Amino acid sequence: MLRQLSTKFTSVLAVAFMSATLLGSCINSQFSQRTSISNTDSNTGDETCAPEIEEIEFGISPSESQENLKTHWAPFLAAMEAELGRPVIAFYATDYAGVIEAMGANKLQLAWYGGKAYIEAAKRSNAEAFTRTVNSNGTQGYYSHLITNVANPIINEVDLQEGTGDRYIVDHAAELTFAFNDPNSTSGFLVPTYYIFARNRMNPNEAFKELIFAGSHEATALAVVNNQVDVATNNSETLTMLEKSDPETRAKIQVIWTSPVIPTEPIAYRKDLPSCLKEQISSFFYNYKDVTVLEPLGWSGFVPAEDKDWNTIRELEIAKDILEVQNNQALSTEEKQQQINQLEQQLEELQS
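In my numbering, the protein residues as written are 5 to 356.
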């Protein structure tokens, strides 16, 4: 099973940043998975606002299985449909890139992204963040984790209270199998890649006995529980939801490393949506407080947001790129300096 899931680190990076043209056929295929929320017409919206947009297509990133996502999201999307007065069509992508590219191809008006996926969508898919989620406990941040099975001998070598699993991974990678989530995931890829691998001059593809991309946080959790891998990435939101939905499975998972705090996920619409529709959508999110609908999603509500709220993720990605250039032995000193200067200029512009 592990061999079937295995994907080369370098290859998946290339796939993650393919052009919209190359991914177009994939998007069209995935759109067969769109789900209509209601079979009845909704009439509460302003009929004078953007009548040419007959339905809202909402992209949902694959944080867990589509079956679970549909169960958790359907009541919320139905409430949105009733408020906006037009059908809301859910698009459950099979990977993070699918949501990015679908918005770029003008096949989505709205999407729920992770931070890293959002900054890619803002860069090349005309996405504009307008709100961010608030966790069930009222916080506006979450954490990336490294996890292992509670029965794995690794836990005897790690200070669980201090969360020193990152140090163990660095020292023993050649003996371990490891799972990332998706190359466009913030907590499942970018954050651990920077803090654990780039800062320690490690190439995960070369360091581990075997490396896979499992596709979702749910999948990495199950890979650990089923002993398909020794260690995997995950995040605090997914583990909290798993504790509620399947405490028996959650009890088999041990967190061995925790990252610094990460901003909660953005909801973004296309920049070119009519202003009246943007206002209707924003108003719905800012005022929606139904706990019975939000709780299964792990949220208590939404707060206004803007693009710059995710500059910390952009800075993290640039810092990761700088470290990778510094550690690239194939580059000459002059080539390294040239690339580093360009990256530092990007960082300076971002922070100005």
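Using N, Cα and C, we set each Cβ at its ideal position, and we do this for glycine too.
The structure presented is a predicted model; accordingly, all values stated were derived computationally and were not measured.
Own chain, CB closer than 6 Å to L301, minus 5 neighbours either side, in chain order: H76
Every unbroken beta strand (DSSP E) inside the region 132-175 [3 residues or more]: 148-153
Beta-carbon gap between I257 and V235 smaller than 9 Å: no
Bridge partner(s) assigned by DSSP for L114: F62, Y273
Boundaries of the alpha helix (DSSP H) in which P251 is found, first to last residue: 251-254
Q8 versus I216 - alpha carbon distance: In this prediction, Q8 scores a pLDDT of 37, lower than 50, which makes its location untrustworthy; the coordinate-derived value is nonetheless stated afterwards. Their Cα atoms are separated by approximately 9 Å.
Chain-order list of residues whose beta-carbon lies under 6 Å from that of Q350 (same chain, five-residue window excluded): I322
Status (buried if at least 16 other CB within 10 Å, exposed otherwise) for L354: exposed
Inter-residue spacing [alpha-carbon to alpha-carbon] between E352 and D250: 45 Å
Euclidean distance between Cα positions of E179 and E214: 9 Å
Span of the beta strand (DSSP E), counted from its first residue to its last, around L180: First-last for L180: undefined, no H or E at that position.
Touching by the beta-carbon criterion (3+ pairs, under 8 Å), the region 337-344 and the region 175-191: no
DSSP three-state assignment for I57, whether helix, strand or coil: coil
Where G302 sits in the DSSP three-state scheme: coil
V307 - DSSP class collapsed to helix/strand/coil: strand
Continuous beta strand (DSSP E) stretch holding T237: start and end: 235-239
Beta-carbon contacts of N156 that lie in its chain and below 7 Å, excluding the five residues immediately before and after: D234
Proximity below 9 Å, CB of Y117 to CB of P270: yes
For A125: DSSP bridge partner residues: Beta-bridge pairing links A125 to no other residue.
Among L281, T197, V265, E252, the one whose alpha carbon lies nearest that of K324: T197
Reduced DSSP category for E339 - H, G, I as helix; E, B as strand; rest coil: helix
Boundaries of the beta strand (DSSP E) in which Y96 is found, first to last residue: 92-96
Bridge partners - T375, DSSP secondary structure assignment: Because residue 375 is not part of the residues shown, which for the chain are 5 to 356, the question remains open.
Assumed close pair Y146, E222 - CB separation to whole angstroms, cut-off 8 Å: Actually they are not in contact, since the Cβ atoms of Y146 and E222 sit about 15 Å apart, beyond 8 Å.
P267, buried or exposed, once every other Cβ within 10 Å from all chains shown has been counted against 16: buried
Contact check, Y199 vs I260, beta carbons under 9 Å: no
F80 - DSSP class collapsed to helix/strand/coil: helix
P208, buried or exposed, once every other Cβ within 10 Å from all chains shown has been counted against 16: buried
Contact set for A54: own chain, Cβ-Cβ below 8 Å, skip 5 residues either direction: L277, P278, C280, L281
Backbone secondary structure at P187 - three-state DSSP: coil
Bounding residues of the alpha helix (DSSP H) (the contiguous stretch that carries L327): 315-330
Residue range of the unbroken beta strand (DSSP E) whose run includes E214: 214-217
Nearest to L150 (by Cα), restricted to the options T224, V92, D99: T224
Beta-carbon proximity list for V103, same chain, < 6 Å, skipping 5 on both sides: G63, S65, A97, A115
CB contact flag (R90, E59, <9 Å): yes
Own chain partners of L298 with C-beta closer than 8 Å, once the 5 adjacent residues on each side are dropped: F80, S140, Y292, S304, G305
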